[in-house]
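Taking it in order: structure first as structure tokens, then the write-up.
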Amino acid sequence: MIDTPCRRPLDQHANPMRVSPRAECLPEVAPDPARTELQELVRSYASTVVNSEWDLLAQGGDDPRLDRTIDQLRDRFTALPADTGRLGVAREQGLLDVRQLDESHRARVSLVTGDNTFNIALLGATIFGAGLVIAFPLVAGLGPRPANVAVMALLAFTLGAMVFLSIQLLYPLEGPFAADPEAFLDALELMPRPT
């Protein structure tokens, strides 16, 4: 069997910032009459993420068209016969994959637009704790020997790096560690063109 993205097992722990590992395969499991419509819906989903949702997520919003597209995909797979043959298997697999698309979309939106109160409080406590860790030895009378100064500088650098990384994690679409829609662009390239 050829190892194509459509033959690989579904990753149950998909990254929400990525497209479902088999999103481009959703139409493949459907019978011929519904295949073209499903291909168009899946392409529409990925292109909406690339062209619209990613920018809206960066601004703190989301694109409601994706919810409608996911609902349409779910409706099309639900309309397939629920027998025990090939169509039943296609229906079940398609519904599982649509569910993963929906969960990934919701996780993406939640990650970017969700409440970060706990993370901000944790970051504040980390900064306060870092200040105490650095200030305590100085207040306790740690001598200015070169070894002590080097250890304090290394500790300050490490704590500063942790605070920087924590701040970057609060904004997953900005900064040097930002996620981008490259996975969706790749999925668009892999998807067969509607015939």
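FYI, the numbering for the sequence shown is 1230 to 1424, going by my numbering.
Even glycine gets a Cβ: it sits at the ideal position worked out from N, Cα and C.
Taking DSSP as the reference, what is the three-state secondary structure of residue i?
| i | result |
| --- | --- |
| aspartate 1312 | coil |
| phenylalanine 1406 | coil |
| proline 1366 | helix |
| glycine 1323 | helix |
| asparagine 1377 | helix |
| aspartate 1304 | helix |
| aspartate 1232 | Unreliable positioning characterises aspartate 1232 in this predicted model, as indicated by a pLDDT of 37, which lies under 50. The coordinate reading is nonetheless provided below. It is coil, neither helix nor strand. |
| methionine 1420 | coil |
| leucine 1383 | helix |
| tyrosine 1400 | coil |
| asparagine 1280 | helix |
| asparagine 1348 | helix |
| glutamine 1288 | coil |
| leucine 1371 | coil |
| glycine 1343 | coil |
Using C-beta distances below 8 Å, list every residue in its chain close to residue i, excluding the 5 sequence neighbours before and after it, in chain order.
| i | result |
| --- | --- |
| glutamate 1327 | First, the residue type needs correcting, since residue 1327 is valine and not glutamate in the sequence shown. Here the set comprises Leu1255, Ile1299, Leu1302, Arg1303, Phe1306. |
| threonine 1342 | Leu1286, Gly1289, Gly1290, Asp1291 |
| isoleucine 1349 | Leu1399 |
Is residue i buried or exposed, if buried means 16 or more other CB atoms sit within 10 Å of its CB?
| i | result |
| --- | --- |
| valine 1318 | exposed |
| glycine 1323 | buried |
| aspartate 1292 | buried |
| leucine 1295 | buried |
| alanine 1354 | exposed |
| alanine 1275 | buried |
| valine 1368 | exposed |
| leucine 1361 | exposed |
| alanine 1412 | buried |
| arginine 1315 | exposed |
| arginine 1374 | exposed |
| proline 1250 | Since pLDDT at proline 1250 reaches only 46, below the 50 mark, its modelled position is unreliable, and the value read off the structure follows with that caveat. Proline 1250 is buried by the Cβ-count criterion. |
Give me the Cβ distance between residue i and residue j, rounded to the nearest whole Å; I'm assuming they're in contact under 8 Å.
| i | j | result |
| --- | --- | --- |
| valine 1173 | alanine 1359 | This structure leaves residue 1173 out entirely; the chain is present only between 1230 and 1424. |
| leucine 1417 | arginine 1272 | 7 Å |
| alanine 1371 | asparagine 1377 | Checking the displayed sequence, the identity of residue 1371 turns out to be leucine instead of alanine. Right, their Cβ atoms sit about 5 Å apart. |
Taking 6 Å as the limit between beta carbons, can you name the residues of its chain near residue i, skipping five residues before and five after?
| i | result |
| --- | --- |
| alanine 1287 | Leu1402 |
| leucine 1388 | Ala1359 |
| glutamine 1397 | Gly1404, Phe1406 |
| proline 1421 | none |
From this set, the options, which residue's C-alpha is nearest residue i's C-alpha?
| i | options | result |
| --- | --- | --- |
| histidine 1334 | Ala1390, Pro1410, Leu1371 | Pro1410 |
| leucine 1351 | Arg1315, Leu1394, Leu1270 | Leu1394 |
| aspartate 1344 | Ala1308, Leu1399, Asp1312 | Leu1399 |
| asparagine 1280 | Leu1419, Leu1414, Met1420 | Leu1414 |
| glutamate 1282 | Ala1412, Val1338, Leu1361 | Val1338 |
| alanine 1308 | Asn1348, Glu1332, Val1278, Glu1266 | Glu1266 |
| alanine 1263 | Thr1277, Val1278, Asp1284, Pro1310 | Pro1310 |
| valine 1278 | Leu1330, Asp1312, Glu1321 | Leu1330 |
Could you tell me whether any non-hydrogen atom of the ligand PLP is closer than 7 Å to the CB of residue i?
| i | result |
| --- | --- |
| tryptophan 1283 | With respect to the ligand PLP, the structure offers nothing, as it holds no ligand at all. |
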